[in-house]
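Worksheet for the structure shown next.
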Amino acid sequence: MRPVDLPSRATNHSRRRRAAYRRYGGVAIAGVMVAPLLAACGQGGASTQNGVPVVNWYIGAQAGGWIENAISTCNAQNKGKFIIKERELPARATDQREQIVRRLAANDASVDLVGMDVIWTAEFANAGWLYPFPEAGRAKVSDGVLKGPLESGTYQGKLYAAPFTSNTQLLWYRKDKTSAPGKDFTWGQMVDQAVAKHLKVQIQGAQAESLTVTFNTLLESAGGTFVNDAGKGANASIGLAQAPTVAALAALKKLASSSAADPELNTANEDSSRAAFEKGGSLYEINYPFIYPSAAAVPGLQENLGWARYPEVIAGKPSRPPLGGFNIGISSHSKRKALDVQAATCIVQPSNQLFAAEKGGNPPTLSALYDKIDKKIYPFASVMRESINDAAPRPVSPAYNDLSLAVQETLVPLASINPPKTAKDLRSLAKQALKSEAVL
Amino acid sequence: MTTVAEAPTTTASAGGHRRKQQLTDRDKQERRLGLRLVAPAVIVMLAVTVYPICYSIWLSIQRYNLRFPDDRKYVWFSNYGRILSSAHFWQVMSNTFIIVVISVVIELILGMALALFMHRATFGRNVVRTAILLPYGIITVVSAFAFQFAVSPSIGGFWHLTSPPLNNHSTSLFVIILTEVWKTTPFMSLLLLAGLATVPNDYVEAAKVDGANAWQRLIRVIVPNMRAAILVAVLFRTLDAVRIFDTVFIQTRGANNTATLSQLGYNQLISQLNLGLGSAVSVLLFLIVIFVAVVFVKGFKTDLGQVRGER
């Protein structure tokens, strides 16, 4: 009797086991499938605080409190309408871009405003991540804005980012060691003088965006262009005509292979150039104006610090200084675009720009403000305005990031540049980069 | 089911007639139960490894860049062609190769010495072992920063006279390799120590009686008997080193042409959002890893099942 009985018990067991497996196995599969969805849902969007809509502003960490000032000003002016909240991105521009690009590409609806480096406009707009400023509100953020900064926020005729702050590099020199650079002062003269005096010239040679800034400036100053009709996107064509490209590369090579080059040139970024200049032993430095307030901390430096426009590459041909700064874009995934336009318009208002200039060292984009700036803090305001107005923006191309990497890849190390050959290599790599097909 | 219960069985295991009959049935049941027990793990593995691998192979045959959403099409193997014909890729390959070969060789020799030392240490054994293993307990990012700071002229104490090492290609690679060696030699020596412990002492004693000196005992007796452990140690380290990312990312970020394969993949995928080209790089890296594993396992002619060390 029992032998017959046992298997049936086993069958019972197995049925129970199978049922259990089905139950738990199902839970396991469901868990695996649903987990990513839940993670995606966690982002939310269109949040409120005490019933007031929150506008999330993603922007890189900035010193000087000018972001916080803009936010508190606008929140006070728009009580009950919206609350702007800062969502901090990393301090380095490359890291900022990496993080915000991932959110935008993943259609993150929690992003409302984006604090954008001037070089991101074309890339973000082309990818469909930005909402263009409506015609009606456009004048409010573009009237009275300097030409370069306005162009930097524009792509294919539409304004995608409200110009907030601008920036450019000046030629800084030690008044106690040399006289003021005269008219048509060239890059070559700068290097020769430093070599003759056994002193250094500080520029940014690190394999990073700052190198592209320097290269593009020298190229444009020599009369060249990087990309023709950059606005056409992948249908644009690479400029980089031989003569100006060789002139720009020769200028870089001249400094890098001379005794005026800092030993740390290949890793020098804006901040390490500043530190190296402050240490002494340098005659010239090419850098943004943040170095001026910083020089006050070094005894005897600030009063001996002189400034001039970016040196020329070809004598008699005015230089085209670089253009930096932050614009405010509106994410196309945002759920409250009308509020975002109001918030962005509020952020870029003159008083906020003035604060950003005086406390954060970021020059304004509104031309009129240069007359109002405190001259004690900004004694170089007029040469700044002139430089920004004549500045050459980096190519407004959707593939800008690739183009910049192509430059960094080809030019490093600076001392090994062979101008005619490097120009040819750069042109062929840039052609691939423009189609975002280069392996970089 | 009942028919199975009636069937006679030849199973040798002891027990009454009833039990014998029931065992075959139980065997089947248990096999089935076993499959069910591993099923969740298999499903999870499929979801987290096989699916992403197939997905990236699928991505790698497309032109697909999140920055150019409208321009998506199948390009078959042209992404691979573009990568293999790019000078940058071969620079990256050679960097990775240099780092792998030099660091693994140094780690093997140094790791073996440390393992012998730990094996022989007569007093303060625990202290010695802890001291040797300490670097391995430190997060790679932290050790990368530590070495970066150590060689920086403004922060660290070395290299005041010459140009800073992270300033040019070959010295940057040197610092990266140094960091890797410092960080992972303990891992190597730990695996080798486990292998040393499996070498029967009788063999060593016998060799001693036969008049073999210390070097001969090491090369002729100890090393051949711990071949499997050496294979595991070298294989794991090589696969790890091929995928090197964090140290380079922290110390140079690929500046001075020091980028590695993983970093190329990262740049393409994360920074450029170029899913097609980036996935192709990842697939190539995956193939290289498989190739290395196969070559090692075949080359050493050892049953990996003997020694199973997990990192």
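As you go down the protein sequences, you meet chains D and C in turn. Sequential numbering of the first sequence, starting at 507, is according to this note's numbering. Sequential numbering of the second sequence, starting at 10, is according to this note's numbering. Even glycine gets a Cβ: it sits at the ideal position worked out from N, Cα and C. This structure is a prediction, so every number in the text was calculated from the model and none was measured.
Short CB-CB distance (under 7 Å) between residue i and chain D
i: C:Ile259; result: no
i: C:Arg76; result: yes
i: C:His9; result: Because chain C spans 10 through 320 in this model, residue 9 of chain C falls outside it and cannot be assessed.
i: C:Pro61; result: no
i: C:Arg320; result: Its pLDDT being 37, under 50, C:Arg320 is placed unreliably by the model, and the measurement read from it follows with that caveat. With 7 Å as the cut-off, C:Arg320 does not count as an interface residue toward chain D.
i: C:Ser181; result: no
i: C:Leu296; result: no
i: C:Pro173; result: yes
i: C:Ile186; result: no
i: C:Ile279; result: yes
i: C:Gly25; result: Reliability fails at C:Gly25, whose pLDDT of 46 lies under 50, so the model's placement of it is uncertain and the value that follows must be treated cautiously. False, the Cβ-Cβ gap to chain D never drops below 7 Å.
Listed by chain order, chain C residues near residue i by CB distance under 9 Å
i: D:Glu715; result: By Cβ distance, chain C contributes nothing, its closest Cβ being about 12 Å from D:Glu715, past 9 Å.
Test: residue i CB closer than 7 Å to a CB of chain C
i: D:Asn775; result: no
i: D:Gly548; result: In this prediction, D:Gly548 has a pLDDT of 43, which is less than 50 and means its spatial position is unreliable; what the coordinates show is noted afterwards. For D:Gly548, the answer is no, since every Cβ of chain C falls outside 7 Å of its Cβ.
i: D:Ala742; result: no
i: D:Ser788; result: no
i: D:Ala611; result: yes
i: D:Ser763; result: no
i: D:Ser942; result: yes
i: D:Ser934; result: no
i: D:Glu629; result: yes
Listed by chain order, chain C residues near residue i by CB distance under 8 Å
i: D:Asn772; result: Asn176, Asn177, Ala264 and Asn265
i: D:Ala633; result: Leu75, Arg76, Phe77 and Pro78
i: D:Asp908; result: Gln281
i: D:Pro828; result: Neighbours of D:Pro828 on chain C: none; closest Cβ ~20 Å, over 8 Å.
i: D:Val918; result: Ala264, Asn265 and Asn266
i: D:Pro901; result: The premise fails here: D:Pro901 is roughly 15 Å from chain C at the closest Cβ pair, so nothing lies under 8 Å.
i: D:Pro904; result: Arg76 and Phe77
Beta-carbon contacts of residue i that lie in its chain and below 6 Å, excluding the five residues immediately before and after
i: D:Cys547; result: Confidence in D:Cys547 is poor, its pLDDT being 46 and thus under 50, which makes the residue's placement too unreliable to answer from.
i: D:Ile797; result: Arg780
i: C:Trp85; result: Ile70
i: C:Val304; result: none
i: D:Gln808; result: Ala801 and Ala802
i: D:Gln549; result: Caution applies to D:Gln549, whose pLDDT of 46 falls short of 50 and renders its modelled position unreliable; the model cannot decide the point.
i: D:Trp693; result: Ala757, Pro817 and Val819
Helix, strand or coil at residue i according to DSSP, with G and I counted as helix
i: D:Ser665; result: Correcting the residue type first, residue 665 of chain D is Leu in the shown sequence and not Ser. Strand at D:Leu665.
i: C:Ile239; result: helix
i: C:Arg320; result: Annotation note: pLDDT 37 at C:Arg320 (below 50); position unreliable, coordinate value reported separately. Of the three classes helix, strand and coil, the one that applies to C:Arg320 here is coil, per DSSP.
i: D:Leu932; result: helix
i: C:Phe245; result: helix
i: D:Leu943; result: In the sequence as presented, Leu is not what sits at residue 943 of chain D; that position holds Glu. D:Glu943 falls in the coil class under three-state DSSP.
i: D:Gly548; result: Confidence at D:Gly548 is low in this model, with a pLDDT of 43, below 50, so the placement of that residue is unreliable and no value is reported for it.
i: D:Trp572; result: helix
i: C:Val208; result: coil
i: C:Arg72; result: strand
i: C:Asn266; result: helix
i: D:Glu726; result: helix
i: C:Arg45; result: helix
Interface partners of residue i on chain D, CB under 8 Å
i: C:Ile92; result: Val945
i: C:Leu270; result: Neighbours of C:Leu270 on chain D: none; closest Cβ ~12 Å, over 8 Å.
i: C:Leu286; result: Glu943 and Val945
Under 7 Å from the C-beta of residue i: neighbouring residues of chain D
i: C:Asn104; result: The contacting residues do not exist; C:Asn104 stays about 14 Å from chain D at best.
Beta-carbon proximity list for residue i, same chain, < 7 Å, skipping 5 on both sides
i: D:Leu872; result: Gly650, Val651, Pro856 and Gln859
i: C:Arg138; result: Met127
i: D:Gly586; result: Val558
i: D:Asn775; result: Gln710, Ala712, Ala714 and Ser716
Residues near residue i by beta carbon distance below 8 Å, same chain, minus five either side
i: D:Val804; result: Glu784
i: D:Arg933; result: Ile744, Leu746 and Thr751
i: C:Val298; result: Leu248, Val251 and Arg252
Within chain D, the residues that residue i reaches when beta carbons sit closer than 9 Å
i: C:Asn276; result: Leu911 and Leu946
Chain C residues whose Cβ lies nearer than 7 Å to that of residue i
i: D:Glu604; result: Ile279 and Ser280
Original post:
Pairing CB atoms from the segment 146-166 of chain C with CB atoms from the segment 746-763 of chain D, are three or more of them under 8 Å?
Top reply: In short, these stretches do not touch, since the Cβ pair count stays below three.
Original post:
Just checking, does the segment 846-855 of chain D make contact with the segment 636-644 of chain D on the three C-beta pairs under 8 Å criterion?
Top reply: The segment 846-855 of chain D and the segment 636-644 of chain D touch, with no fewer than 3 CB-CB distances between them shorter than 8 Å.
Original post:
Hey, is the segment 107-122 of chain C in contact with the segment 184-197 of chain C, meaning 3+ C-beta pairs nearer than 8 Å?
Top reply: The segment 107-122 of chain C is in contact with the segment 184-197 of chain C.
**OP:** Pair every Cβ in the segment 262-281 of chain C with every Cβ in the segment 292-306 of chain C, then say whether three or more of these pairs are closer than 8 Å.
**Re:** The answer is yes - the segment 292-306 of chain C touches the segment 262-281 of chain C, with three or more Cβ pairs under 8 Å.
**OP:** Count the C-beta pairs between the segment 830-837 of chain D and the segment 704-714 of chain D that are closer than 8 Å, then say yes if the count reaches three, no if not.
**Re:** Segments in contact, no.
Original post:
Do the segment 574-594 of chain D and the segment 814-830 of chain D touch if we need at least three Cβ pairs shorter than 8 Å?
Top reply: Counting C-beta pairs with one atom in each stretch, the segment 574-594 of chain D and the segment 814-830 of chain D have fewer than three that are closer than 8 Å, which means they do not touch.
Original post:
Are the segment 280-290 of chain C and the segment 226-237 of chain C touching, with three or more C-beta to C-beta distances below 8 Å?
Top reply: They do not touch, by the three-pair rule.
Subject >> Sufficient close CB pairs (3 or more, under 8 Å) joining the segment 610-627 of chain D to the segment 563-572 of chain D >> reply: The segment 563-572 of chain D and the segment 610-627 of chain D touch, with three or more beta-carbon pairs separated by less than 8 Å.
**OP:** Count the C-beta pairs between the segment 50-70 of chain C and the segment 253-270 of chain C that are closer than 8 Å, then say yes if the count reaches three, no if not.
**Re:** Under the 8 Å Cβ criterion, the segment 50-70 of chain C does not count as touching the segment 253-270 of chain C, having fewer than three qualifying pairs.
**OP:** Inspect the CB distances between the segment 72-84 of chain C and the segment 918-932 of chain D and report whether three or more fall short of 8 Å.
**Re:** The segment 72-84 of chain C makes no contact with the segment 918-932 of chain D, as fewer than three CB pairs between them are under 8 Å.
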